[in-house]
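Numbering (my numbering), first residue to last: 493 to 964. In what follows, a single structure is set out as structure tokens and then discussed.
As structure tokens, this is what we get:
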């Protein structure tokens, strides 16, 4: 791409924290779409992975580990007003970094809200404190009344992030097909009213990853197509989901939070120990893992109408994730080890021989049945579109790139969640990297082909009102 075709010119310094699979995958996209010189970039990473790639592009890479005691000392001299902190690290507090960026006037983006080490699994913390709900509430509490300051885009990867923009487009597509077409809503309430009018009661972030390598998973090894430490962290967090206004049955092990937006609940069990019936056009019906993600909370909150405690309307929102087969085996072994992580980690990259990542939203409860809208990206397409990526990582890195550009173009928006950003310009930047994007209708419901082998307290006339949560 020539300079004339670059999406955005940037004159400040861009500091990237972390240089794992997402950092290495997004670097070529940033260089492709930003008018920026290598000397303006700085990578800070606790390890040497990716050093050759940084050297190839003439970018400095510092081997430093950020801790609660040194992060200010290391970052303050390297960040000034108008600079950009791109946080792709793990076990570095997003709350601390956002606070620092607001003090020094730097822009910010991350793909998830991270705590310091122990924030996910310290037994001294309650389950509520270890939840994404708590992490989100702490970051949003930094907002002032003016909702201004340097832009900090939080949780803007594939999901959370891209999925919120796909959801809005899916609602517009469904509205058009249902005879309720019209312009895209301009307000939060407008989007919620549209979802309510369409009859949306349940939204699954439904993902199926079929990528594989020839070398099978070994005993004592965790294999994944994206960050193993990142997946281990969220797999062991309490399962969380946005809790819809239509729900009548409250699970025995579900808990509400004492404060905050009240849009979600958590379960007293790990997300990787909780499976949920869902559907994607790649594999059809699937049992996914109810992995906690902030989009399950943020989307439910964004689409709430009425008082938080007794809403007029709110959809149930959850992440139903079927990772690659090797990761499924890794999760089974992790559970057998009583959630003590395997010592060996393997990231599938160049050794992937085939497969697709289908990531989208499954809208249910409306008169047309179930509607999945999203991206189906093959490993071959991902490699052709951008080096250093597989199908899973490119869906993330494309959204990171788009979020960075949007933040640079809107530098004074304060703390912003994906749902609060305009979906069309983000999708315009991402679409070239997402493979086949579109919608598929299905008559599938969670009760399809239920054989009745065991008694279940289900309502066959209303499959979206789950009366026995274990049946998910």
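We treat Cβ as the ideally placed atom computed from N, Cα and C, and that holds for glycine.
Buried versus exposed, by CB contacts within 10 Å (16 or more), residue i
{"i": "residue 960", "result": "Confidence is the limiting factor: at residue 960 the pLDDT is only 39, short of 50, which leaves the residue's position unreliable and the question unanswerable from this model."}
{"i": "residue 845", "result": "exposed"}
{"i": "residue 529", "result": "exposed"}
{"i": "residue 828", "result": "exposed"}
{"i": "residue 857", "result": "buried"}
{"i": "residue 801", "result": "exposed"}
{"i": "residue 560", "result": "exposed"}
{"i": "residue 622", "result": "buried"}
{"i": "residue 962", "result": "Interpretation of residue 962 is limited by its pLDDT of 40, a score under 50 that renders its predicted location unreliable; the figure taken from the coordinates is listed afterwards. Flag for residue 962 reads exposed."}
{"i": "residue 494", "result": "For residue 494, the pLDDT reaches just 43, beneath the cut-off of 50, and the residue's location in the model is therefore unreliable, although a value from the coordinates is still provided. Under this definition residue 494 is an exposed residue."}
{"i": "residue 708", "result": "exposed"}
{"i": "residue 815", "result": "buried"}
{"i": "residue 881", "result": "buried"}
DSSP beta-bridge partners of residue i
{"i": "residue 900", "result": "Its beta-bridge partners do not exist; DSSP assigns none."}
{"i": "residue 505", "result": "DSSP output for residue 505 lists no bridge partner at all."}
{"i": "residue 500", "result": "526"}
{"i": "residue 726", "result": "DSSP output for residue 726 lists no bridge partner at all."}
{"i": "residue 715", "result": "838"}
{"i": "residue 535", "result": "508, 553"}
{"i": "residue 733", "result": "757"}
{"i": "residue 975", "result": "With the chain represented from 493 up to 964, any question about residue 975 goes unanswered, as that position is not in the structure."}
{"i": "residue 644", "result": "600, 907"}
{"i": "residue 862", "result": "856, 934"}
{"i": "residue 649", "result": "653"}
Option in the options with minimal Cα separation from residue i
{"i": "residue 803", "options": "754, 786, 548", "result": "754"}
{"i": "residue 745", "options": "736, 738, 766", "result": "766"}
{"i": "residue 704", "options": "586, 843, 669", "result": "843"}
{"i": "residue 690", "options": "701, 663, 555, 919", "result": "663"}
{"i": "residue 903", "options": "834, 712, 862, 600", "result": "600"}
{"i": "residue 789", "options": "652, 849, 520, 932", "result": "652"}
{"i": "residue 540", "options": "932, 865, 509, 531", "result": "509"}
{"i": "residue 915", "options": "884, 894, 832, 760", "result": "894"}
{"i": "residue 519", "options": "580, 538, 714, 555", "result": "580"}
{"i": "residue 798", "options": "880, 816, 681, 700", "result": "681"}
{"i": "residue 773", "options": "693, 863, 729, 925", "result": "863"}
Extent of the continuous alpha helix (DSSP H) run through residue i
{"i": "residue 624", "result": "624-632"}
{"i": "residue 657", "result": "654-669"}
First through last residue of the beta strand (DSSP E) which encompasses residue i
{"i": "residue 701", "result": "694-701"}
Discussion item. Give the list of continuous beta strand (DSSP E) stretches no shorter than 3 residues that lie fully inside the region 739-814.
Written reply: 756-762, 767-772, 776-782, 808-814
Worksheet item: Whole alpha helix (DSSP H) runs in the region 864-942 with 4 or more residues, listed along the chain?
Response: 871-877, 883-901, 915-922
Discussion item. Quick check on the DSSP output: what are the complete beta strand (DSSP E) runs of length 3 or more inside the region 537-623, in order along the chain?
Written reply: 552-555, 576-579, 599-602
Worksheet item: What are the complete alpha helix (DSSP H) segments, minimum 4 residues, inside the region 667-691?
Response: 680-690
Discussion item. In chain order, what are the residue ranges of uninterrupted beta strand (DSSP E) at least 3 long that sit wholly in the region 821-858?
Written reply: 836-839, 844-846, 848-858
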